[in-house]
Amino acid sequence: MQAYRASLLRFDDAGQPVYDTDGLLVVGPDADGRQRVQDAGAHAEVAARHPHVAVTHLPGRILAPGFVDMHIHFPQTDIIGAPAEGLLPWLENYTFPAESRFADPAHSASVAEFFLDEMLRNGVTTSLTFATSHPQSVDAFFEAARRRRLRMISGKVLQDRHSPDGVRDETEQSLADTESLIRRWHNHDRLGYAITPRFAPTSTDAQLRGAGELAAKYPDTWIHSHVAENRDEVKWARELFPQARSYLDVYAGFGLMRERAVYAHCIWLDDADRQLMQQTGTAAAVSPTSNLFLGSGFFDFEGADRIGNRYGLASDVGGGTSFSPFATMMAAYYVGREGQTKKGVSIAPSQLWWRHTGGAARALGLDGVIGNLQPGCEADFLVIDPKATPLLARKTALANNLEELLFSLIVLGDDRLIERTVISQQAGAA
Ligand code: GUN
Ligand code: ZN
Numbered sequence: 012m013q014a015y016r017a018s019l020l021r022f023d024d025a026g027q028p029v030y031d032t033d034g035l036l037v038v039g040p041d042a043d044g045r046q047r048v049q050d051a052g053a054h055a056e057v058a059a060r061h062p063h064v065a066v067t068h069l070p071g072r073i074l075a076p077g078f079v080d081m082h083i084h085f086p087q088t089d090i091i092g093a094p095a096e097g098l099l100p101w102l103e104n105y106t107f108p109a110e111s112r113f114a115d116p117a118h119s120a121s122v123a124e125f126f127l128d129e130m131l132r133n134g135v136t137t138s139l140t141f142a143t144s145h146p147q148s149v150d151a152f153f154e155a156a157r158r159r160r161l162r163m164i165s166g167k168v169l170q171d172r173h174s175p176d177g178v179r180d181e182t183e184q185s186l187a188d189t190e191s192l193i194r195r196w197h198n199h200d201r202l203g204y205a206i207t208p209r210f211a212p213t214s215t216d217a218q219l220r221g222a223g224e225l226a227a228k229y230p231d232t233w234i235h236s237h238v239a240e241n242r243d244e245v246k247w248a249r250e251l252f253p254q255a256r257s258y259l260d261v262y263a264g265f266g267l268m269r270e271r272a273v274y275a276h277c278i279w280l281d282d283a284d285r286q287l288m289q290q291t292g293t294a295a296a297v298s299p300t301s302n303l304f305l306g307s308g309f310f311d312f313e314g315a316d317r318i319g320n321r322y323g324l325a326s327d328v329g330g331g332t333s334f335s336p337f338a339t340m341m342a343a344y345y346v347g348r349e350g351q352t353k354k355g356v357s358i359a360p361s362q363l364w365w366r367h368t369g370g371a372a373r374a375l376g377l378d379g380v381i382g383n384l385q386p387g388c389e390a391d392f393l394v395i396d397p398k399a400t401p402l403l404a405r406k407t408a409l410a411n412n413l414e415e416l417l418f419s420l421i422v423l424g425d426d427r428l429i430e431r432t433v434i435s436q437q438a439g440a441a
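Positions in the sequence shown are counted from 1; adding 11 to them yields my numbering.
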């Protein structure tokens, strides 16, 4: 057992913050040797329960759960900041050419290594990430994640039409590859597989049907796609699938909405769509830096909350502009203020933080596993230095309460705040 003494940020079951200015986090192995939070709370109380534990004292630091990025593309690391008129030209001119390079396993491996190092430097300990249509990109990613002992979710992209040579796959082979990748990687160590149709316009009915069949056959895998991001995309999807009530409903028709299904963006939805999300347990990945960069639109936080949708925050790199959760939380705040419907919600800093940690974990079906520092959670956590820059030191010293402190970190923070990212170890693992 090992304990860490510092300020300690956790969340209760309702997603409200619990903060101990002088806290103690006790970490130790479970019956399988996996490092988990054993105890957490005010130092005076927790220390009394563990009189012999070794304590690392981190004065002035904040311990917080590792961030969870609900939607990102590891193969798009090199196309952050690629300018385009909107989503569809961006895909054609930058994304597909960049992704075609992942046919090369060595390129896949080198980008996967860089990507994971960058995520950890920014304090992100779990992500749901697209690979490319090449199975070797999935192998490269999971091998790199396994070496770092990370909890990561990924999958081979399915795209058998309306895609150029180099990224387009073949229907039968793509489904066979998906099933063999599920068998190779899903639930091995801390890795999870996501069945990943790119978006409805780039899959045939047969591919979407096959994806839905695999999703039924392997019910604890994830489903990961995009929906209702951009107005031209929505128009195209409506033309291709005229029988569906809405773009989102296309996925429902192929059995692709259920618990552990995650759709990025969800901007151009109506209330019937939101009801469908809610009834099926499907989650939205909200990607504000991407939506602002590509001019896609504004996620309707008020609408999602009114219907009770599950959602969490996501960078969507490389449409998104930053690996940093602080940039994503800041952008989510701006989007909430402006709002698609101009109603303008002011999201509390602790709620932005929750949507990128415990709330995102809950939307992924990983409540109590990651994204929090309550007893039983896997011990993926951050050591945050609130004095990382002169301005942060000055500003955080003036905070009168937790919300003011968290807002200072969100508004002024970046990777410099993350002094250390601690990953749960597994005793006896090779
Ligand atoms: N829709 C289909 N593919 C993509 C992608 O790679 N990025 C984004 N942002 N939207 C998509
Ligand atoms: Zn995306």
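All C-beta atoms, glycine included, are put in the ideal place defined by N, C-alpha and C.
Local conformation of residue i per DSSP, three classes
{"i": "Asp188", "result": "helix"}
{"i": "Phe107", "result": "helix"}
{"i": "Glu389", "result": "strand"}
{"i": "Gln49", "result": "strand"}
{"i": "Tyr30", "result": "strand"}
{"i": "Ala372", "result": "helix"}
{"i": "Val238", "result": "strand"}
{"i": "Leu377", "result": "coil"}
{"i": "Ala58", "result": "helix"}
{"i": "Gly118", "result": "Checking the displayed sequence, the identity of residue 118 turns out to be His instead of Gly. Here His118 sits in helix by DSSP."}
{"i": "Glu183", "result": "helix"}
{"i": "Val245", "result": "helix"}
{"i": "Ala14", "result": "strand"}
{"i": "Val79", "result": "strand"}
{"i": "Ala211", "result": "helix"}
{"i": "Leu409", "result": "coil"}
Distance cut-off 7 Å: residue i Cβ against heavy atoms of the ligand GUN
{"i": "Thr332", "result": "no"}
{"i": "His237", "result": "yes"}
{"i": "Phe210", "result": "yes"}
{"i": "Glu103", "result": "no"}
{"i": "Ser301", "result": "yes"}
{"i": "Glu240", "result": "yes"}
{"i": "Thr452", "result": "The structure shown has nothing for residue 452, since the chain only spans 12 to 441."}
{"i": "Thr106", "result": "yes"}
{"i": "Leu98", "result": "yes"}
Residue i beta carbon near the ligand SAM (any heavy atom closer than 7 Å)
{"i": "Ala275", "result": "Although the ligand SAM was asked about, the structure shown includes only the ligand GUN and the ligand ZN as ligands."}
Residue i burial status per 10 Å Cβ neighbour count (16 or more: buried)
{"i": "Gly331", "result": "buried"}
{"i": "Lys406", "result": "buried"}
{"i": "Pro175", "result": "exposed"}
{"i": "Glu181", "result": "exposed"}
{"i": "Leu402", "result": "exposed"}
{"i": "Gln290", "result": "exposed"}
{"i": "Glu389", "result": "buried"}
{"i": "Leu131", "result": "buried"}
{"i": "Asp24", "result": "exposed"}
{"i": "Asn383", "result": "buried"}
{"i": "Glu183", "result": "exposed"}
{"i": "Gly319", "result": "exposed"}
{"i": "Glu415", "result": "exposed"}
{"i": "Gln218", "result": "buried"}
{"i": "Arg373", "result": "buried"}
{"i": "Gln362", "result": "buried"}
{"i": "Pro94", "result": "exposed"}
{"i": "Ser191", "result": "exposed"}
{"i": "Gly387", "result": "exposed"}
{"i": "Thr32", "result": "exposed"}
{"i": "Gly34", "result": "buried"}
{"i": "Pro299", "result": "buried"}
{"i": "Ala295", "result": "buried"}
Cβ separation of residue i and residue j, assumed to be a contact under 8 Å, to the nearest whole Å
{"i": "Thr106", "j": "Ile90", "result": "6 Å"}
{"i": "Val66", "j": "Arg21", "result": "At roughly 18 Å, the Cβ-Cβ gap does not stay under 8 Å, so Val66 and Arg21 are not in contact."}
{"i": "Gly166", "j": "Ala187", "result": "No, Gly166 and Ala187 are not in contact; Cβ-Cβ is about 14 Å, not under 8 Å."}
{"i": "Ile278", "j": "Ala239", "result": "5 Å"}
{"i": "Arg172", "j": "Ser214", "result": "7 Å"}
{"i": "Leu208", "j": "Ala227", "result": "According to the sequence provided, residue 208 is Pro. The question's Leu does not apply to it. About 15 Å; that fails the 8 Å criterion."}
{"i": "Arg158", "j": "Ile381", "result": "Rounded, the Cβ-Cβ distance is 19 Å, inconsistent with contact."}
{"i": "Leu280", "j": "Ala205", "result": "The Cβ separation is near 21 Å, so there is no contact."}
{"i": "Thr88", "j": "Gly329", "result": "7 Å"}
{"i": "Leu36", "j": "Ala55", "result": "14 Å between Cβ atoms; not a contact."}
Cβ-heavy atom distance, residue i to the ligand ZN, below 7 Å
{"i": "Asp200", "result": "no"}
{"i": "His82", "result": "yes"}
{"i": "Asp327", "result": "yes"}
Quick one: complete beta strand (DSSP E) runs, 3+ long, within the stretch 284-317?
Within the stretch 284-317, the complete beta strand (DSSP E) segments at least 3 residues long are 294-297, listed from N- to C-terminus.
Where are the alpha helix (DSSP H) runs, 4 residues long or more, that stay fully inside the stretch 324-366, in chain order?
For the stretch 324-366, whole alpha helix (DSSP H) runs of length 4 or above, ordered along the chain, are 336-349 and 360-366.
Unbroken stretches of the alpha helix (DSSP H), 4 residues or longer, contained in the stretch 129-179
DSSP runs (the alpha helix (DSSP H)) wholly in the stretch 129-179: 146-158.
Every unbroken beta strand (DSSP E) inside the stretch 255-285 [3 residues or more]:
The qualifying runs are 272-276.
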